[in-house]
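Asks: First the structure, then my questions, so here it is.
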Amino acid sequence: MKGVGPMRPWAHGVALGCILLMSLGLHGVGLTWSTRPGLGLETRWEPDELDELALFMIWNQTWNPRWFQYPSFHIYMILGTLAPHVRFSTAFRILDAKLQDDADFFARARILARLPSVAFGVLLVLWVFLLGRALWGPTAGLWAALLTALTSGLVTFGHLAVPHVPAISLATLSLYLLVRAVQRSHWGLFAAGAAVAGLAASTLYNMAALAVPVLVALTFLAMGPAVDRGRRAWKRWALRWLVGGFVALGFWAGAFLVGTPYALREFQEFWDRGVMYQYRFAMTEEGGQPLRFSWPQHLLNLIHNQGLPLFALSMAGAVFGFPRRWDAAARPRVLLYAWIVPYFLYVGTFRIYPPARYILPIVPALNVFAGALTDRMWRARRGQPWLRVGVAAAVLYTLGFAVMTDWMFLHDTRAQATAWFDRLPAGTRVAAFHLKSYLPKFRPDFVLEMYDTFHALADFWERVDGPTYVVLSQASFARFFIGMARSPEEQAALARLFQDPYPYRLCRVFYRHPWVRPSLELMLRPYSWKKILEWLPLNPEPEFVSPPIVVFCRPATPPPYREAVGYPR
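At position 144 of the sequence shown (counting the first as 1) the number is 143 in numbering that gives the first Met the number 0, and the numbers step up by one without a gap.
Listed below in structure tokens is the structure:
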């Protein structure tokens with residue numbers, strides 16, 4: 000049943016405009032993350048951001064990124080946003096900025112490189128509204144758009160110069176075009192949907208999974224509004240299917256090559272460092288500690304991205320939206336399932352502990368289901384106000400999740416830890432582990448020891464000149480300890496550091512949340528369902544943002560012992 004509410008068409012437009020403005024605000028707050036003065040040009044809190052690659056292309060006066068770990072379409076978007084800041088015709092501005100240590104120049108470049116994610120994040124809300132309106136009516140579309148604007152995972156990646164939100168936005172637009180093509184039996188819309196799917200895959204490789212809804216839509220269009228039952232019907236059906244399939248393949252491949260044109264010219268490089276690299280990283284031990292399957296972790300990551308109430312609404316909405324009878328009106332809804340289920344099964348075969356962003360592409364489609372159910376709950380039983388109270392509570396909780404995500408962009412633990420270490424004297428000996436991206440910035444006059452493994456910890460207890468401070472980041476644990484197979488010696492050294500107060504004791508902890516203090520022992524464990532209890536008190540864990548920083552120090556020279564909190568009372 001269509002969810003036609005009491006709102007007039009102009010009211011739908013006003014409500015949608017307010018939702019889009021709210022989405023723009025949530026994406027804009029904290030956009031200067033990791034670009035603040037004093038953090039240094041080399042500070043990269045999110046190592047996958049592509050602003051430096053775009054500047055490198057300008058420096059070398061080339062359109063060829065010579066880098067295929069991601070496809071190229073998003074890189075060309077970034078080049079477009081950098082054009083007003085750095086003319087593509089000259090690289091002298093970059094050289095001057097490097098020679099003069101012009102941090103402001105590179106900070107502006109990084110912020111401009113994030114603008115495509117902001118723009119496509121707002122457009123994603125619009126596509127979700129159109130998709131929800133096409134399937135369940137305008138009020139259901141508004142609910143879906145609101146929930147998408149508030150989704151923590153989408154807000155997080157809408158701040159970063161990475162291809163995920165642009166790719167997800169294009170994938171959702173492709174789904175909408177395919178739905179409209181099936182509803183109207185329109186081959187032109189189908190071709191447009193296939194072309195947009197090619198652009199999505201040219202932005203992020205995993206979007207190639209859109210081939211499933213494209214094939215399902217092709218099948219529905221070939222069958223026609225009513226299934227032919229004539230003697231030679233199967234021949235006509237097969238002919239339409241083959242012709243439509245070749246058309247879809249042509250549009251998809253053409254769009255992919257428009258976005259990643261050097262994939263054909265440098266095919267071997269594209270195949271080895273793009274396609275096969277993704278396979279090795281996801282399916283072999285090269286990507287980390289091998290799992291048999293990662294479906295349970297992806298379910299947990301859906302809660303991580305959406306928050307528990309929105310996740311529950313999405314799952315219930317998927318049941319609510321399932322067609323009760325097979326007819327032409329039910330076919331467009333099937334396309335959502337043809338996207339969600341195969342994609343979930345596909346990423347579930349990855350044999351690594353998956354980051355939360357891997358499951359993010361199906362979140363907008365799940366939000367469409369949540370919007371349809373929310374609309375039904377809000378309108379269907381006016382005599383039972385507890386349903387509306389539940390809907391309001393879920394929306395407010397999701398809003399709080401998004402606001403706290405932005406708050407963490409503004410109060411990153413690495414900036415707080417940097418300020419804390421700046422008060423220490425020159426010559427301070429510090430040991431830190433793994434990527435600098437996950438750690439505070441240490442002054443050049445510190446004696447800094449950086450390690451790729453935790454084996455060195457076992458020597459600290461015996462060294463006379465051992466470091467005064469040992470610094471660990473939860474982000475390093477998530478990527479290099481939980482996600483990688485570690486030796487028993489490393490595990491024993493880490494356990495001793497956390498449990499034995501001599502010679503190192505806990506000195507300071509910078510928590511990501513102002514009032515939630517999870518157990519530090521959880522840093523040593525993989526994600527489990529107990530994480531839900533940590534997220535419930537509006538404690539999201541946006542990827543790459545504000546990881547807990549733990550500082551251990553020798554008792555001979557630490558500052559006066561204080562409670563291990565990262566925020567002033």
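For glycine and all other residues, C-beta sits at the position ideal for the given N, C-alpha and C.
Predicted model only: the values in this text are computed from it and were never measured.
CB-CB under 6 Å to F250, same chain, minus the five flanking residues each way: which ones, in chain order?
Replies: Contacts found: A190, A193, A194.
Asks: By the 10 Å Cβ neighbour count, where 16 or more other Cβ atoms means buried, how is N300 classified, buried or exposed?
Replies: So N300 counts as buried.
Asks: Within 10 angstroms of the Cβ of M275, are there 16 or more other Cβ atoms? Answer buried if so, exposed if not.
Replies: Burial call: exposed.
Asks: Does the stretch 536 to 554 come close enough to the stretch 153 to 162 that 3 or more CB-CB pairs lie under 8 Å?
Replies: In short, these stretches touch, since the Cβ pair count reaches three.
Asks: Which same chain residues end up closer than 7 Å to N366 when comparing Cβ atoms and leaving out the 5 residues on each side of it in sequence?
Replies: Closer than 7 Å at Cβ, skipping near neighbours: V127, A143, L146, T147, T150, S313.
Asks: Following the continuous beta strand (DSSP E) through Y468, name the residue where it begins and the one where it ends.
Replies: 468 to 472 is the span of the beta strand (DSSP E), which, as asked, contains Y468.
Asks: Tell me, which residues are paired with V429 by DSSP?
Replies: The partner list for V429 (beta bridge, DSSP) reads L447, Y468.
Asks: Can you look up L176 in the DSSP assignment and give me helix, strand or coil?
Replies: Reduced to three states, the DSSP call for L176 is helix.
Asks: Hey, how far is the Cα of H163 from the Cα of Y75?
Replies: Taking the straight line joining both Cα atoms gives about 14 Å.
Asks: In chain order, what residues of the same chain lie with their CB nearer than 6 Å to the CB of R239, ignoring the 5 residues before and after it?
Replies: Around R239: A221.
Asks: Using C-beta distances below 7 Å, list every residue in its chain close to L177, excluding the 5 sequence neighbours before and after it, in chain order.
Replies: Hits under 7 Å: F189, G192, P212, V213, A216, L334.
Asks: Taking all protein chains shown into account, decide if C17 is buried (16 or more other Cβ within 10 angstroms of its Cβ) or exposed.
Replies: Exposed, since its Cβ has fewer than 16 Cβ neighbours within 10 Å.
Asks: Reducing DSSP to helix, strand and coil, say where V549 ends up.
Replies: V549: strand per DSSP, three-state reduction.
Asks: Out of A82, P83, M56, which has the shortest C-alpha to C-alpha gap to S71?
Replies: Checked all of A82, P83, M56; the closest Cα to S71 is M56.
Asks: Out of curiosity, what's the CA-to-CA distance linking F453 and R413?
Replies: Spanning the two alpha carbons is a distance of roughly 21 Å.
Asks: When you compare only the Cα positions, how much space is there between P115 and I339?
Replies: C-alpha separation (whole angstroms): 25 Å.
Asks: Out of A139, E48, L141, L344, which one is the CA nearest neighbour of R109?
Replies: When only C-alpha atoms are compared, the closest one is E48.
Asks: Quick check on this structure: which residue in L52, M376, A102, G120 has the alpha carbon closest to the alpha carbon of L19?
Replies: The candidate whose alpha carbon is nearest that of L19 is G120.
Asks: Is G316 buried or exposed, if buried means 16 or more other CB atoms sit within 10 Å of its CB?
Replies: Buried, by the Cβ-count rule.
Asks: Three or more beta-carbon pairs under 8 Å between the stretch 431 to 440 and the stretch 390 to 397, yes or no?
Replies: The stretch 431 to 440, when compared against the stretch 390 to 397, does not touch it at the 8 Å Cβ threshold.
Asks: Quick check on F509: does DSSP put it in helix, strand or coil?
Replies: DSSP places F509 in strand when its eight states are reduced to three.
Asks: Please state if the CB of A281 and the CB of I351 are separated by a distance shorter than 8 Å.
Replies: Cβ atoms of I351 and A281: closer than 8 Å.
Asks: Below 7 Å CB to CB, which residues in the same chain sit around E461 once its five sequence neighbours on both sides are set aside?
Replies: Excluding positions up to five away in sequence, the list is empty.
Asks: Can A118 and D50 be called in contact, C-beta distance under 8 Å?
Replies: No; because the gap between Cβ atoms is not below 8 Å, this pair is not in contact.
Asks: P46 to S436, Cα distance in whole Å?
Replies: Cα to Cα, the separation comes out at about 7 Å.
Asks: Just how far apart, CA to CA, sit A563 and V446?
Replies: Its pLDDT being 37, under 50, A563 is placed unreliably by the model, and the measurement read from it follows with that caveat. Distance between the alpha carbons of A563 and V446 is about 24 Å.
Asks: Specify, as a first and last residue, the run of the alpha helix (DSSP H) that H84 falls within.
Replies: First-last for H84: undefined, no H or E at that position.
Asks: Can you tell me whether R375 is buried or exposed, with buried defined as 16 or more other CB within 10 angstroms of its CB?
Replies: Its Cβ being crowded by 16 or more others within 10 Å, R375 is buried.
Asks: Distance check for A210 and F476, CA to CA, integer angstroms please.
Replies: Straight-line Cα distance between these residues: approximately 36 Å.
Asks: My understanding is that A139 touches G370, with C-beta atoms under 8 Å, so please give their C-beta distance in whole angstroms.
Replies: The pair is a contact, with the Cβ atoms about 5 Å apart (cut-off 8 Å).
Asks: Does W9 come out as helix, strand or coil in the three-state DSSP assignment?
Replies: W9: helix per DSSP, three-state reduction.
Asks: Quick one: what's got a C-beta closer than 6 Å to P8's C-beta in the same chain, skipping five residues either side?
Replies: Closer than 6 Å at Cβ, skipping near neighbours: no residue.
Asks: Along the chain, where does the alpha helix (DSSP H) containing G320 start, and where does it finish?
Replies: Careful: G320 lies outside any alpha helix (DSSP H) and carries neither H nor E.
Asks: Consult DSSP for R324 and reduce its assignment to one of helix, strand or coil.
Replies: It is coil, neither helix nor strand.
Asks: Please classify Q415 as buried or exposed, where buried requires at least 16 neighbouring CB atoms within 10 angstroms.
Replies: It counts as buried.
Asks: Just to confirm my understanding: we take P341, look at its own chain, exclude 5 residues before and 5 after, and list those with CB closer than 7 Å. What are they?
Replies: Hits under 7 Å: A208, V211.
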